[in-house]
Every structure is written in C-alpha cells, then in structure tokens.
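Engineer: Here it is: the structure, laid out below.
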Amino acid sequence: MENSRNILEITSKQPDPSALGLFGLALVTLVASSEKLGLSEGTIGILPCALLLGGFTQLTAGILDYKKQNVFGGLAFIGYGMFWITIALTWWFIYQGYSGDFTKQLGFFYLGYFIFTIYMTIGASITNRVLFYIFLAIDILFISLVCYSFDIVPQFAKLMAGVAELTISILSFYASAANVLNIHMQKDILPVGKMTK
82 MENSRNILEI TSKQPDPSAL GLFGLALVTL VASSEKLGLS EGTIGILPCA
132 LLLGGFTQLT AGILDYKKQN VFGGLAFIGY GMFWITIALT WWFIYQGYSG
182 DFTKQLGFFY LGYFIFTIYM TIGASITNRV LFYIFLAIDI LFISLVCYSF
232 DIVPQFAKLM AGVAELTISI LSFYASAANV LNIHMQKDIL PVGKMTK
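The numbering used here applies: residue 82 is where the sequence shown begins, and numbers increase by one.
In structure tokens, the structure reads:
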C-alpha cells in the first residue's frame, strides 16, 4: 500500500517537459548529422523529423515550460522548435522546385540563431553542465552553418556542423534520460553536474 502511494505521488506531480523537448532535439540532430557526416544522402528523409521532432515536439515542450513559469526553458524549446519548422519548410520549397538560391538567406537565418544561442548559452551557465555543453555545441553548429552558407571553408564547416549535431544528439539523449530517470527514481541515476559559482 505504501509503495502504491509513493508511485501515485510521483506520477501526480506536474511533469517536467524538458525530457520531451530534449528527446525531440536528440533524435532530429542524430538524423540531420548523418547527412552532414556522409552517412546518408539528401534532406528529404530529415524533413519529417525536422517538422515533427525538431519542430512540434520542442514547441509542445516550450509551451508546457511557459505554463510552469520557466521562461528560459520555454524560450529555448519554442525558439529551436521554430528553427526546425522553418528549415523543414525551406527544404519542402526546394523539393517542390521553387527557383532561387536560398543559401545566403539561410546564412543570415543561421547568424540570427547564432546570436540567439550565445545569450541562451549564458543563461545555461547557471543550470547544469550537460545543458551548458549542449548549448556550446549548438553555438559551434550555428557558426559552422554560417560559414558553410557564406562559402567560408565549406567542406570543413559542413564536417564541423555534423560533429556538432552528433554531439548535441548524444548529450540531449543523456539529458533527456537523466530528466526522466532521476525524477522517476527520485535519485541521481544519471548525474548532470552542477555548475560551480
């Protein structure tokens, strides 16, 4: 009886949506990195992942975070969710045969997200080490994408973007698992590392 009461107490608490958002980020960056690292070809297979996992999953997590009064988490998930929806739509336009070169516009789009990620990285510096390292990897991803779009060492920039995405994926899977298991088990199964002051 005591056991069932404890389970009810755990499951009745307001859930933390971070695990959901991090899972979406982990999976979409895993698939996206495969193309940049030469393990798969084209972006048509990434499009549904970008739209649903990168986009709508993170949007959902962000809205739930805002409801919990978590401005940082809400902005992060909604901001990056909108990034993936925009990328998915851009790829869709390209596959529909719309003429024009999107490369330079995407370069400025990536630059804007690099600026956004810089101040989000500063915000992440007071959370935990895993989340902070995720944001550092996102910084590397966006500066690499900017360089690639503006034809600055494009092959190296694409490789760095792929490595950054794979790093984001691994760290996000870990952070998502830590969020779920540490709360569910009520102890630190997977440590995330506190930031020192």
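Here a beta-carbon is modelled for each residue, glycine too, at the ideal position from N, C-alpha and C.
All of these numbers come straight from a predicted model, not from anything done at the bench.
#1: Compare the C-alpha of Ser250 against each of Asp146, Leu111, Ile221 and name the closest.
#2: Expressed to the nearest angstrom, what Euclidean distance is found between the alpha-carbon atoms of Leu134 and Ala142?
#3: If we define contact as Cβ-Cβ less than 7 Å, is Ile166 a contact residue for chain D?
#4: Taking three-plus beta-carbon pairs below 8 Å as touching, is the segment 118-132 in contact with the segment 237-247?
#5: Can you give the beta carbon distance from Ser230 to Tyr191, rounded, assuming they're within the 8 Å contact cut?
#6: Would you kindly work out how many angstroms separate the C-alpha atoms of Asp269 and Phe174, rounded to a whole number?
#7: In or out: Pro98 buried (at least 16 other Cβ within 10 Å) or exposed?
#8: Between the C-alpha atoms of Gln236 and Met201, what's the straight-line distance to the nearest angstrom?
#9: For Gly274, I'd like the list of residues in its chain whose CB is within less than 6 Å of its CB, leaving aside the five on either flank, ordered along the chain.
#10: If you scan the segment 129-170 from start to end, which runs of the alpha helix (DSSP H) of 4 or more residues do you find wholly inside it?
#11: Where does Asp97 fall in DSSP's three states?
#12: Going straight from the alpha carbon of Asn151 to that of Asp182, what length do you get?
#13: Whose C-alpha, out of Pro129, Thr124, Gly126, Thr138, is nearest the C-alpha of Phe104?
Structural biologist: So, from the listed chains and residues:
#1: Closest by C-alpha distance to Ser250, out of Asp146, Leu111, Ile221, is Leu111.
#2: Straight-line measurement puts the Cα of Ala142 at about 11 Å from the Cα of Leu134.
#3: No chain D appears in this structure, which consists of one protein chain only.
#4: Judged by pairs of C-beta atoms under 8 Å, the segment 118-132 touches the segment 237-247, as three or more such pairs exist.
#5: Indeed, because the Cβ distance is near 6 Å, the residues count as touching under 8 Å.
#6: Asp269 and Phe174 have their alpha carbons spaced roughly 45 Å apart.
#7: Classification for Pro98: buried.
#8: Note on geometry: alpha-carbon atoms of Gln236 and Met201 lie some 28 Å from one another.
#9: These residues qualify, in order along the chain: Asn209, Arg210.
#10: Segments of the alpha helix (DSSP H) lying fully in the segment 129-170: 139-148.
#11: Asp97 falls in the coil class under three-state DSSP.
#12: CA-CA distance, Asn151 to Asp182, rounds to 38 Å.
#13: Nearest in C-alpha terms to Phe104, of all of Pro129, Thr124, Gly126, Thr138, is Thr138.
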